[in-house]
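To start, the structure under review is shown below, and the notes come after it.
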Amino acid sequence: MKLLPYALLVASTSGCKWAHLADKLGRNPHEERRLEEKVLPTKPKAKLNPTLASDLPYYHYDGVGSFEMRWGFFGVGMEEEIELEFTLSSDIFSGIGFDCTSSRMCDMVVGNGGGRNEAFLEDFFEVEGDREPHTDEELGGTNDLKIVKLDYNSQYQSVLRFRRKLNTGDKWDAEIKKDYMDLVYAWCEEPFCVDTHSAHAPGSWNIISVDMSGGQSEMMREQAVKMVEEADCTAGSEDLCSCSQLIKRGAIDNFDECTQEAAIEYCKQFGGCSVSGTF
Numbered sequence: 001m002k003l004l005p006y007a008l009l010v011a012s013t014s015g016c017k018w019a020h021l022a023d024k025l026g027r028n029p030h031e032e033r034r035l036e037e038k039v040l041p042t043k044p045k046a047k048l049n050p051t052l053a054s055d056l057p058y059y060h061y062d063g064v065g066s067f068e069m070r071w072g073f074f075g076v077g078m079e080e081e082i083e084l085e086f087t088l089s090s091d092i093f094s095g096i097g098f099d100c101t102s103s104r105m106c107d108m109v110v111g112n113g114g115g116r117n118e119a120f121l122e123d124f125f126e127v128e129g130d131r132e133p134h135t136d137e138e139l140g141g142t143n144d145l146k147i148v149k150l151d152y153n154s155q156y157q158s159v160l161r162f163r164r165k166l167n168t169g170d171k172w173d174a175e176i177k178k179d180y181m182d183l184v185y186a187w188c189e190e191p192f193c194v195d196t197h198s199a200h201a202p203g204s205w206n207i208i209s210v211d212m213s214g215g216q217s218e219m220m221r222e223q224a225v226k227m228v229e230e231a232d233c234t235a236g237s238e239d240l241c242s243c244s245q246l247i248k249r250g251a252i253d254n255f256d257e258c259t260q261e262a263a264i265e266y267c268k269q270f271g272g273c274s275v276s277g278t279f
C-alpha cells in the first residue's frame, strides 16, 4: 500500500498532525525518501487547458489551483460507471472528495501522477475530519477504483484518471449522482507541504459545487477559454485578480506583496479572475 498524505482535506487555518500514521503503514517517519535535486517553483506555473482534446465529454474548472476535471458515463443501470480525470499542480499528492464540504465523513480519491515521486491512486475515507484517513479496505470496505491513467506533465501537474461505479455498494463510497454535487479538492504545494507526511498548505484546497450531469459543461469550458485566452491584462482592467484572489491562488504570499504589477503578471500567465465565478 502506498504512503498516505498526512492531511488531504485540512481545515483552512492550520495543518494537521497525525500521530503514528507512518508506523501504521509500516514506514519509519525518520527514513524519508530523498527527492531529486530538482526543486519545483513555489509559485504556480500551471494554467488551465480547456481546449485540450479529450474523449471525456464533460468539463469543469476552478481557478484555485488551476483545477480541471473531465468526466463521462459508461454502461447502464447498476453497472453504470463514471470515468473521471482531474488535474492539480503537485507531484507529491492531490485528491478529490465526493459529496462533502469538509474532510469529515468524506469519500476521497488521493494520488500522484509521478514526477519525483512514485505514481499511485487509492480509495480513502476520512471519518473524523482533519485526522488520519483510512483506505476503504481498512474500514472493511473495498477498493472500487479502476486506474486508467496516472501522468505528470510539463506544467508540473498530476493528471489522475480512474473509473468506478456510480453506486459501488460500499458504505465508504459516496453515490455519484447526475445532479449538483459538493466536491472538495486539495493538493500538496511546496514549500509548506514537502512530502506525504505533510499537511497541505492552508490555501491549497477548495470546495466547489459541480453539475455532474454535464449540463453546465460547455458554459464552464467557454468561461475557461475566455479567462485564459481573452482576459484584458492591462492596468485597471476588471479582469485583474484582487489581492485576496492572488493570495488564494498562490501568486503572492501576503497583502504586502499585492501590487498592480503582480496582478498583471499573473493575468498574462494564467488568465484573469473576473469571469471564473469561483474564488
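Anchor point for the sequence shown: position 71 equals 71 in UniProt numbering, and the numbering is continuous, going up by one each time.
Where a beta carbon is used, it is the ideal one built from N, C-alpha and C, also for glycine.
| Asked | Found |
| --- | --- |
| Beta-carbon separation (whole angstroms), Asn49 vs Glu68, contact threshold 8 Å | 7 Å |
| Cβ-based burial, Val39 [other Cβ within 10 Å; buried from 16] | Reliability of the predicted coordinates at Val39 is poor, the pLDDT of 44 falling under 50, and the value obtained from them is presented with this limitation in mind. By the neighbour-count rule (16 or more Cβ atoms within 10 Å), Val39 is not buried but exposed. |
| Distance, Asn167 Cα to Ile92 Cα | 29 Å |
| Touch test, the segment 197-205 against the segment 215-234, Cβ-Cβ under 8 Å, three pairs minimum | no |
| Nearest candidate by alpha-carbon position, reference Leu240, set Ser213, Asp256, Lys226, Ala263 | Ala263 |
| Where the alpha helix (DSSP H) containing Ala251 begins and where it ends | Element bounds for Ala251: n/a, residue is neither H nor E. |
| Length of the line joining the Cα atoms of Ile252 and Phe270 | 14 Å |
| Bounding residues of the alpha helix (DSSP H) (the contiguous stretch that carries Tyr266) | 260-270 |
| Alpha carbon of Leu145 to alpha carbon of Val228, nearest angstrom | 32 Å |
| Secondary structure of Ala186, DSSP reduced to three states | strand |
| Reduced DSSP secondary structure (H/G/I, E/B, other) of Val64 | helix |
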